[in-house]
Amino acid sequence: MSLVFSQLINGLQSGSIYALIAIGYSMVYGIILLLNFAHGDIIMVGAYVAWLVVVNLSLPPALAIALAIIACTLLGVVIEKVAYSPLRKAPRLSLLITAIGISFLLENLAQLKFGAGAKNVPALITGPALDIGGQHIGFTAVLTIIVSVVAMIGLTFLIRKTKMGKAMRAVSEDMGTAQLMGINVNSTISFTFAVGSALAGIGSVLYSCAYPQAAPTMGSMLGLKAFVAAVLGGIGSIPGAMIGGFAIGIAEAIVSAIGLSVWKDGVVFAILIIVLIFKPTGIMGKKINEKV
Amino acid sequence: MLKVNDINVFYGSIHAIKGVSFEVNKGEIVTLIGANGAGKSTILNTVSGLLKSKTGSITFIDKTISNIVPHKIVAAGLAQVPEGRRVFLGMTVEENLEMGAFTRKANEISEDMDSVYVRFPRLKERRKQIAGTLSGGEQQMLAMGRALMSKPELLMLDEPSMGLAPILVEQIFDIIKELNAAGTTILLVEQNAQMALSIADRGYVLETGKIVTSAKASDLLNNDAVKKAYLGG
Ligand SMILES: Nc1ncnc2c1ncn2[C@@H]1O[C@H](COP(=O)(O)OP(=O)(O)O)[C@@H](O)[C@H]1O
Ligand SMILES: [Mg+2]
Numbered sequence: 355m356s357l358v359f360s361q362l363i364n365g366l367q368s369g370s371i372y373a374l375i376a377i378g379y380s381m382v383y384g385i386i387l388l389l390n391f392a393h394g395d396i397i398m399v400g401a402y403v404a405w406l407v408v409v410n411l412s413l414p415p416a417l418a419i420a421l422a423i424i425a426c427t428l429l430g431v432v433i434e435k436v437a438y439s440p441l442r443k444a445p446r447l448s449l450l451i452t453a454i455g456i457s458f459l460l461e462n463l464a465q466l467k468f469g470a471g472a473k474n475v476p477a478l479i480t481g482p483a484l485d486i487g488g489q490h491i492g493f494t495a496v497l498t499i500i501v502s503v504v505a506m507i508g509l510t511f512l513i514r515k516t517k518m519g520k521a522m523r524a525v526s527e528d529m530g531t532a533q534l535m536g537i538n539v540n541s542t543i544s545f546t547f548a549v550g551s552a553l554a555g556i557g558s559v560l561y562s563c564a565y566p567q568a569a570p571t572m573g574s575m576l577g578l579k580a581f582v583a584a585v586l587g588g589i590g591s592i593p594g595a596m597i598g599g600f601a602i603g604i605a606e607a608i609v610s611a612i613g614l615s616v617w618k619d620g621v622v623f624a625i626l627i628i629v630l631i632f633k634p635t636g637i638m639g640k641k642i643n644e645k646v
Numbered sequence: 177m178l179k180v181n182d183i184n185v186f187y188g189s190i191h192a193i194k195g196v197s198f199e200v201n202k203g204e205i206v207t208l209i210g211a212n213g214a215g216k217s218t219i220l221n222t223v224s225g226l227l228k229s230k231t232g233s234i235t236f237i238d239k240t241i242s243n244i245v246p247h248k249i250v251a252a253g254l255a256q257v258p259e260g261r262r263v264f265l266g267m268t269v270e271e272n273l274e275m276g277a278f279t280r281k282a283n284e285i286s287e288d289m290d291s292v293y294v295r296f297p298r299l300k301e302r303r304k305q306i307a308g309t310l311s312g313g314e315q316q317m318l319a320m321g322r323a324l325m326s327k328p329e330l331l332m333l334d335e336p337s338m339g340l341a342p343i344l345v346e347q348i349f350d351i352i353k354e355l356n357a358a359g360t361t362i363l364l365v366e367q368n369a370q371m372a373l374s375i376a377d378r379g380y381v382l383e384t385g386k387i388v389t390s391a392k393a394s395d396l397l398n399n400d401a402v403k404k405a406y407l408g409g
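Chains as they are written, first to last, in this note's numbering: chain W, 355 to 646; chain X, 177 to 409.
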């Protein structure tokens with residue numbers, strides 16, 4: 355029983371991180387039909403920023419958290435401005451290849467600057483284990499789940515109720531008509547990248563609580579799993595990304611709980627294949643409507 | 177109010193608009209008629225800034241708009257109701273109207289939303305409904321209401337009668353007349369030449385990207401060539 359419980363908590367913890375990252379994939383896909391494969395690498399940059407601030411500059415962890423999130427946000431916006439916005443009218447494939455190129459670029463730059471080996475990121479957040487019904491749960495696990503859920507509620511409010519959120523929905527649905535409404539499409543897309551990347555930044559900090567290391571390629575597997583989560587939920591759907599993220603985290607935990615932890619990554623890709631074969635639109639996805 | 181001077185618009189190598197010039201004066205209803213594929217939508221989208229002309233210029237209320245971005249053109253007072261309505265299907269009626277008022281401050285729009293609801297009572301009944309569940313006629317009303325929310329000086333409508341039952345078409349055209357009477361200048365693009373000319377002051381006839389005739393609407397209604405080509409004999 356207690357094993358099941360602790361695996362469930364593990365699943366929810368990594369699931370919330372996948373969800374935070376998956377949201378960024380889905381938001382960007384929703385607005386410019388791009389599978390932004392550089393998104394996972396933003397997490398890596400966040401982890402290095404945290405490491406630099408705490409270890410190299412010996413500044414307090416709170417500052418590291420803030421700077422990591424800010425760095426991820428800015429990086430996402432800059433990547434969009436520099437690499438993607440010039441391709442607004444180019445075929446989607448050019449955009450996809452550019453994203454893969456940016457991913458390699460970030461990984462290689464990190465390797466060049468910091469070496470191929472992993473750096474240890476000291477604990478950014480610490481706290482006492484919680485005792486719930488006789489079960490011990492790590493502080494960071496609880497924090498991760500709570501922070502993620504709060505971030506998702508905040509995001510839902512942003513998208514449903516604010517002017518900018520509505521503009522994001524309008525641009526996602528029909529970019530040309532959104533322009534006819536007087537919506538500035540470029541700034542709406544920038545804002546979308548900022549929000550998605552900020553969530554990735556939060557994900558980066560929470561991830562480093564569970565796996566306190568920074569390494570050049572850490573973002574690729576994490577990003578790939580979040581991508582699977584986004585596809586499972588229905589790419590383009592934000593609630594779908596949330597559900598997909600938790601589902602992937604729990605699936606991994608179940609596989610570990612039944613003693614097949616070597617299959618932890620395998621099960622994620624099995625899910626991807628099954629979704630793509632049987633329900634390519636995912637759990638919450640709408641019919642794929644070609645945009646003009 | 178709107179002066180389009182010698183525009184040439186291309187889609188890749190396709191030369192869609194070939195040296196078109198026309199103007200719309202304050203208070204008028206001007207119609208641009210032509211067959212499917214003549215280039216009517218291309219012209220409206222060029223005026224709105226979604227497409228760029230290779231040559232010439234477009235001025236609106238003494239301001240050159242041919243080189244500015246679409247959202248600034250809307251803010252300058254020029255709104256378009258696009259062909260096929262293009263309401264945001266996943267958003268509610270009210271959210272669609274809010275999008276129409278995007279260039280304005282949130283606290284200034286509630287009065288205008290009320291007046292849209294007065295003009296289109298059906299929209300009021302359905303304000304919390306997702307636009308995708310509306311009928312074609314209701315979507316056309318929403319598209320028009322949405323454009324009005326920007327408080328345009330000039331409203332451009334691209335085939336508002338498309339796919340609507342005759343009774344609804346009459347209703348839509350009555351509303352266009354009312355809007356004009358209330359002070360909005362109208363540029364109306366139609367394949368339904370009869371209806372368009374019957375409410376317009378002046379008309380331009382467009383054929384394969386060129387303006388071939390322009391005259392008072394009443395004259396065009398009696399013009400033999402126009403009758404033959406667009407008015408069913
Ligand atoms: N996106 C596009 N790409 C290529 N050609 C187009 C595109 N849109 C319209 N055209 C062509 O431009 C011409 C004018 O089209 P359009 O302005 O839509 O005409 P209308 O609105 O009068 O029916 C047509 O020959 C049409 O095939
Ligand atoms: Mg057309």
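C-beta: ideal position from N, C-alpha, C; glycine also.
(request) Output the distance between the C-alpha atoms of residue 402 of chain W and residue 257 of chain X, rounded to the nearest integer angstrom. (result) Locating residue 402 of chain W in the first sequence gives position 48, where the first residue counts as 1. Locating residue 257 of chain X in the second sequence gives position 81, where the first residue counts as 1. Taking the straight line from one Cα to the other gives about 50 angstroms.
(message) Rounded to the nearest angstrom, what separates residue 178 of chain X and residue 239 of chain X at their Cα positions?
(response) Numbered from 1 along the second sequence, position 2 holds the residue referred to as residue 178 of chain X. Numbered from 1 along the second sequence, position 63 holds the residue referred to as residue 239 of chain X. Roughly 9 angstroms separates the two Cα atoms.
(request) Say yes only if the C-beta of residue 212 of chain X is nearer than 6 angstroms to one or more non-hydrogen atoms of ligand 1, and no if none qualify. (result) Within the second sequence, numbered from 1, the residue matching residue 212 of chain X stands at position 36. Because some heavy atom of ligand 1 lies under 6 angstroms away, the Cβ of residue 212 of chain X counts as near it: yes.
(request) In angstroms with no decimal places, state the Cα-to-Cα distance between residue 367 of chain X and residue 383 of chain X. (result) Here residue 367 of chain X is taken as the residue at index 191 of the second sequence, counted from 1. Here residue 383 of chain X is taken as the residue at index 207 of the second sequence, counted from 1. Distance between the alpha carbons of residue 367 of chain X and residue 383 of chain X is about 12 angstroms.
(request) Anything in the region 499-523 of chain W with a Cβ closer than 9 angstroms to a Cβ of chain X? List those residues in chain order, please. (result) Correct list: 517, 520, 521, 523.
(request) Look at the alpha carbon of residue 201 of chain X and the alpha carbon of residue 556 of chain W, and state the distance between them as a whole number of angstroms. (result) Within the second sequence, the letter at position 25 stands for residue 201 of chain X. Within the first sequence, the letter at position 202 stands for residue 556 of chain W. So the alpha carbons of these two residues sit roughly 55 angstroms apart.
(request) Name, please, each residue of chain W whose Cβ falls closer than 8 angstroms to the Cβ of residue 192 of chain X. (result) For the purposes of this step, residue 192 of chain X is taken as the residue at position 16 of the second sequence. Within chain W, no residue comes near residue 192 of chain X; the closest Cβ sits about 16 angstroms away, beyond 8 angstroms.
(message) Which of the three DSSP states is assigned to residue 420 of chain W in this structure?
(response) Within the first sequence, the letter at position 66 stands for residue 420 of chain W. It is helical.
(message) If you follow the alpha helix (DSSP H) that residue 230 of chain X is in, where does it begin and where does it stop?
(response) Here residue 230 of chain X is taken as the residue at index 54 of the second sequence, counted from 1. That residue, residue 230 of chain X, is in no alpha helix (DSSP H); it is neither H nor E in DSSP.
(message) With a threshold of 6 angstroms on Cβ separation, who are the neighbours of residue 642 of chain W within its own chain once the five nearest residues in sequence on each side are excluded?
(response) The residue given as residue 642 of chain W occupies position 288 in the first sequence. Reliability of the predicted coordinates at residue 642 of chain W is poor, the pLDDT of 49 falling under 50, and no value is obtained from them.
(message) So the candidates are W:487, W:475, W:493, W:472; which of them puts its Cα closest to the Cα of residue 481 of chain W?
(response) In the first sequence, residue 481 of chain W corresponds to position 127, counting from 1. Closest option to residue 481 of chain W, Cα to Cα, is W:493.
(message) Between the alpha carbons of residue 474 of chain W and residue 372 of chain W, how many angstroms are there, rounded?
(response) In the first sequence, the residue the question calls residue 474 of chain W occupies position 120. In the first sequence, the residue the question calls residue 372 of chain W occupies position 18. In a straight line, the C-alpha of residue 474 of chain W is about 21 angstroms away from that of residue 372 of chain W.
(request) Along the beta strand (DSSP E) that carries residue 266 of chain X, what are the first and last residues, could you check? (result) The count along the second sequence starts at 1 and reaches residue 266 of chain X at position 90. Neither: residue 266 of chain X is in no beta strand (DSSP E) and is coded neither H nor E.
(request) Might you give, ordered along the chain, the residues of its own chain that have their beta carbon closer than 8 angstroms to the beta carbon of residue 645 of chain W, omitting 5 neighbours on each side? (result) For the purposes of this step, residue 645 of chain W is taken as residue 291 along the first sequence, with counting starting at 1. The predicted position of residue 645 of chain W is uncertain, since its pLDDT is 39 and thus under 50; no value can be drawn from it.
(request) May I ask you to list the residues that DSSP assigns as paired with residue 240 of chain X? (result) The residue labelled residue 240 of chain X in the question sits at position 64 within the second sequence. Residue 240 of chain X is bridged to X:235.
(message) Just to confirm the assignment: which complete alpha helix (DSSP H) runs, minimum length 4, are found wholly within the region 419-506 of chain W?
(response) 446-468
(request) Taking C-beta pairs closer than 8 angstroms, name the residues in chain X that residue 527 of chain W reaches, listed in chain order. (result) Against the first sequence, residue 527 of chain W aligns to sequence position 173. Within chain X, the residues near residue 527 of chain W are 264, 265, 266, 267.
(request) Give the straight-line distance between the Cα atoms of residue 626 of chain W and residue 585 of chain W, rounded to the nearest whole angstrom. (result) Looking up residue 626 of chain W in the first sequence gives position 272. Looking up residue 585 of chain W in the first sequence gives position 231. Cα to Cα, residue 626 of chain W sits roughly 7 angstroms from residue 585 of chain W.
(message) Is residue 635 of chain W close to chain X? Criterion is C-beta to C-beta, closer than 7 angstroms.
(response) Position 281 of the first sequence, counted from the start, is the residue given in the question as residue 635 of chain W. So no, residue 635 of chain W is outside the interface.
(request) Whole angstroms is fine: what's the gap from residue 604 of chain W's alpha carbon to residue 595 of chain W's? (result) Working through the first sequence from its first residue, we reach residue 604 of chain W at position 250. Working through the first sequence from its first residue, we reach residue 595 of chain W at position 241. A direct Cα-to-Cα measurement between residue 604 of chain W and residue 595 of chain W gives close to 14 angstroms.
(request) Check the DSSP bridge columns for residue 390 of chain X and list the partner residues they point to. (result) To locate residue 390 of chain X, count along the second sequence from 1; it is residue 214. DSSP, once it has assigned bridges, lists X:380 as partnering residue 390 of chain X.
(request) Could you tell me the distance, in whole angstroms, from the CA atom of residue 390 of chain W to the CA atom of residue 400 of chain W? (result) Locating residue 390 of chain W in the first sequence gives position 36, where the first residue counts as 1. Locating residue 400 of chain W in the first sequence gives position 46, where the first residue counts as 1. Whole-angstrom Cα-Cα distance: 17 angstroms.
(request) Kindly give me the distance between the Cβ atoms of residue 452 of chain W and residue 551 of chain W, rounded to whole angstroms, as I take these residues to be in contact under 8 angstroms. (result) For the purposes of this step, residue 452 of chain W is identified with residue 98 of the first sequence, where counting begins at 1. For the purposes of this step, residue 551 of chain W is identified with residue 197 of the first sequence, where counting begins at 1. Actually they do not touch by this definition, with Cβ atoms about 17 angstroms apart.
(request) Evaluate residue 598 of chain W with the Cβ neighbour count: other Cβ atoms within 10 Å of its Cβ, from every protein chain shown; 16 or more gives buried, anything less gives exposed. (result) Sequence index remark: in the first sequence, residue 598 of chain W carries index 244 (1-based). Under this definition residue 598 of chain W is a buried residue.
(request) Output the distance between the C-alpha atoms of residue 233 of chain X and residue 371 of chain X, rounded to the nearest integer angstrom. (result) Walking along the second sequence from the start, residue 233 of chain X turns up at place 57. Walking along the second sequence from the start, residue 371 of chain X turns up at place 195. Roughly 30 angstroms between the two C-alpha positions.
(request) Work out the CA separation of residue 368 of chain W and residue 346 of chain X for me, nearest whole Å. (result) Taking the second sequence and counting its residues from 1, the one referred to as residue 346 of chain X is at position 170. Taking the first sequence and counting its residues from 1, the one referred to as residue 368 of chain W is at position 14. For residue 346 of chain X and residue 368 of chain W, the distance between alpha carbons rounds to 60 angstroms.
(request) Please confirm whether residue 385 of chain X and residue 194 of chain X have their CB atoms less than 7 angstroms apart. (result) On the second sequence, position 209 is the one that residue 385 of chain X refers to. On the second sequence, position 18 is the one that residue 194 of chain X refers to. Against a cut-off of 7 angstroms, the Cβ pair of residue 194 of chain X and residue 385 of chain X comes out as a contact.
(message) So if DSSP puts residue 198 of chain X in a beta bridge, which residue, or which two residues, is it bridged to?
(response) Numbered from its first residue, the second sequence carries residue 198 of chain X at position 22. Paired residues: X:180.
(message) Looking at residue 208 of chain X: is its Cβ nearer than 7 angstroms to the Cβ of residue 380 of chain X?
(response) As a working note, residue 208 of chain X is residue 32 in the second sequence. As a working note, residue 380 of chain X is residue 204 in the second sequence. In contact: residue 208 of chain X and residue 380 of chain X (Cβ atoms closer than 7 angstroms).
(request) Buried or exposed for residue 632 of chain W, please, with buried defined as at least 16 other CB atoms from any protein chain shown within 10 angstroms of its CB. (result) Here the question's residue 632 of chain W lines up with position 278 in the first sequence. Per the 10 Å Cβ criterion, exposed.
(message) Which runs of the beta strand (DSSP E) at least 3 residues long sit entirely within the region 284-332 of chain X? Give them in chain order.
(response) none
(message) Looking at the secondary structure, which residues open and close the alpha helix (DSSP H) in which residue 365 of chain X lies?
(response) If you number the second sequence from 1, residue 365 of chain X lands on position 189. Not the alpha helix (DSSP H): residue 365 of chain X falls in the beta strand (DSSP E), residues 361-366.
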